[in-house]
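Participant: The sequence shown runs contiguously to residue 344 in my numbering.
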Amino acid sequence: MTSQSCFPNPNKNRLDDQSPPEKICDLIIVGGGPGGLTAGLYARRAALDTILVDKGLPGGQMNNTATVENWPGTESISGAELSEKMTAHAQAYGLEIMGREVREIEPGLDYHTVRLDNDEELHALTVILATGGTPRKLGVPGEAENHGRGVSYCAVCDGFFFKNKTVVVVGGGDSALEEALYLAKIAAKVYLVHRREEFRAGMILQKSLRAEKKIEVLLNTVVKEIKSDDSGVTGVRLQNGKSGQETSLAADGVFIFIGFVPDNSLVPAGIRMNADGYVLTDEKCESCLPGLFVIGDLREKFVKQIVTAAADGCIAAQAAARHVEHRKSTGR
Ligand code: NAP
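1) Taking the alpha-carbon of E312 as reference, which of A331, A188, D288, I327 has the nearest alpha-carbon?
2) Among D122, V80, V202, which has the Cα closest to the Cα of E224?
3) Tell whether a beta-carbon distance below 8 Å holds between G183 and I268.
4) Starting from the Cα of F19, find the closest Cα among E191, T125, G265, P119 and give me that residue.
5) Measure the CB-CB distance between G310 and T143 and report whether it falls below 8 Å.
6) Which residue comes first and which comes last in the alpha helix (DSSP H) that contains T50?
7) Who are the Cβ neighbours of Y165 in its own chain at under 6 Å, not counting the five residues just before and after it?
8) Round the Cβ separation of G253 and V234 to the nearest angstrom and send it over; I've been treating them as touching at under 8 Å.
9) Counting C-beta neighbours from all protein chains within 10 Å, is the total for S15 16 or more, i.e. buried, or is it exposed?
10) Check E116 in the structure and name its three-state DSSP category.
11) Return the CA-CA distance between G43 and E113, expressed in angstroms with no decimal places.
12) Here's a check: name, in chain order, each residue in its chain whose Cβ is nearer than 7 Å to the Cβ of G111, leaving out the five neighbours to either side.
13) Quick check: does the Cβ of E150 come within less than 7 Å of any heavy atom belonging to the ligand NAP?
14) Counting only the same chain and skipping the five closest in sequence on each side, list residues whose C-beta sits under 6 Å from that of A213.
15) Pull up the distance between the alpha-carbon of R334 and that of K316, whole angstroms please.
16) Helix, strand or coil for V336? Go by DSSP, reduced to three states.
17) Go to Q317, then tell me how far its alpha helix (DSSP H) extends in each direction, as first and last residue.
18) One question on the structure: do A102 and L53 come within less than 8 Å of each other, judged by their Cβ atoms?
19) Does the Cβ of F272 lie closer than 7 Å to at least one heavy atom of the ligand NAP?
20) Could you tell me which uninterrupted beta strand (DSSP E) segments, each at least 3 residues in length, are contained entirely in the segment 190-247, listed from first to last along the chain?
21) Does the contact criterion of 3 or more C-beta pairs under 8 Å hold for the segment 245-264 versus the segment 174-183?
22) When the distance is taken between beta carbons, is S95 closer than 8 Å to T79?
23) Tell me whether the beta-carbon of V139 lies closer than 8 Å to the beta-carbon of I117.
24) Only counting the same chain, and skipping five residues up and downstream in sequence, which positions put a Cβ closer than 8 Å to that of D241?
25) Taking its Cβ as the centre, do 16 or more other Cβ atoms sit within 10 Å of H338, making it buried, or is it exposed?
26) Can you name, in chain order, every residue of its own chain whose Cβ lies under 6 Å from the Cβ of M13, other than the five neighbours on each side?
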């Protein structure tokens with residue numbers, strides 16, 4: 013457990029209510045990215061009566077990834093194809109996937125209730141929350157339209173496409189500096205553009221940054237526009253925050269690392285999160301509420317990758333199976 017448990021309202025969702033629900037399934041998974049789909053696969057293989065609910069196309073952020081080159085056993089696969097394969101794999105074991113938006117998760121003493129956008133209610137002994145999050149966007153012209161055409165939010169995923177090319181990295185936190193250093197091993201030249209005079213990143217990273225000759229730092233500078241032609245990104249228009257002067261920089265790619273926004277809108281009140289909105293879990297991916305598991309990018313953890321989301325899904329499904337078994341064997 014994460015230091016101590018937090019308990020649901022003891023008056024909610026009790027089996028000795030006057031009219032308990034007709035059906036209480038073993039597990040509801042909210043979110044169909046690699047974490048949710050892997051949880052579904054393992055849950056069905058453990059014979060859990062499971063429903064996965066996803067408002068969009070199963071696969072999550074993978075659907076927006078052109079090529080995945082770090083999924084073990086497959087040198088290169090499109091994100092869309094990997095999504096299809098993971099979905100088909102889970103469905104082959106009987107996973108029911110419901111295409112609806114979840115409005116609310118109400119934790120209870122004996123079971124949890126998941127409310128859908130059509131007012132339908134689902135009930136389960138355990139819930140796995142796998143809603144992920146999104147990289148924070150700059151919101152400048154040229155960003156959205158060039159996503160996947162030179163604009164990227166993942167150096168590990170896309171850095172390889174910029175071998176010996178020029179890239180711009182935006183941000184001044186640990187992620188931006190770490191990723192700029194990673195990209196410097198691949199690209200010919202890296203411009204690091206940060207809006208302030210001081211970095212938010214730790215001193216060790218700043219020291220490494222200063223030692224890397226391929227990286228040129230542009231402080232007090234903001235990206236006003238990402239320029240492109242038919243083949244993708246061609247550069248950026250910059251503005252100096254102090255002088256107001258605008259300049260242009262030619263570049264083949266723009267990597268944006270200005271923070272990640274976890275989608276914690278469905279996390280029930282009282283569940284412990286860190287200051288950035290990531291849910292704190294134990295090694296079983298269980299939140300402070302017994303039977304509520306949180307996996308993938310919504311969980312506080314060190315590395316956010318498809319493979320770590322899938323690992324979370326496996327762990328949480330196994331832990332959910334153990335929880336369900338215990339509940340059924342003790343009659344509660
Ligand atoms: P972060 O620490 O929140 O830094 C975001 C950076 O983006 C800041 O420098 C911020 O500038 C800048 N920024 C935010 N909005 C912007 C905008 N609209 N336009 C231009 N710049 C903008 O995010 P992060 O680097 O992704 O790190 C997130 C958390 O993970 C942090 O706690 C970090 O320490 C941790 N992390 C740790 C490691 C590690 O320990 N190795 C690696 C990666 C991440 P300002 O500074 O001016 O606000």
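Using N, Cα and C, we set each Cβ at its ideal position, and we do this for glycine too.
Facilitator: A quick look at the data gives this:
1) Of A331, A188, D288, I327, the residue nearest in Cα terms is D288.
2) Closest by alpha carbon: V202.
3) yes
4) P119
5) The sequence shown places Leu at residue 310, not Gly. It is a contact, given that the beta carbons lie within the stated cut-off.
6) 46-57
7) P147, I268
8) The beta-carbon separation of G253 and V234, rounded to 6 Å, stays under the 8 Å limit for a contact.
9) Any reading at S15 is ruled out, since the residue's pLDDT is 47, under 50, leaving its predicted position unreliable.
10) strand
11) Each residue's Cα considered, the two are about 9 Å apart.
12) D66
13) Going by the sequence as given, residue 150 is Leu instead of Glu. Within the cutoff, so yes.
14) Taken in chain order, the residues that qualify are G185, D186, L189.
15) 26 Å
16) helix
17) It is not in any alpha helix (DSSP H) - Q317 carries neither H nor E in the DSSP assignment.
18) Yes; because the gap between Cβ atoms is below 8 Å, this pair is in contact.
19) yes
20) 201-205, 227-230, 233-241
21) Taking 8 Å as the limit for Cβ pairs, the verdict is that the segment 174-183 does touch the segment 245-264.
22) no
23) yes
24) Closer than 8 Å at Cβ, skipping near neighbours: no residue.
25) exposed
26) Low per-residue confidence applies at M13: pLDDT is 43, beneath 50, and the placement is therefore not dependable, though the value from the model is reported in the following sentence. Excluding residues within five positions, the ones whose Cβ falls inside 6 Å are D294.
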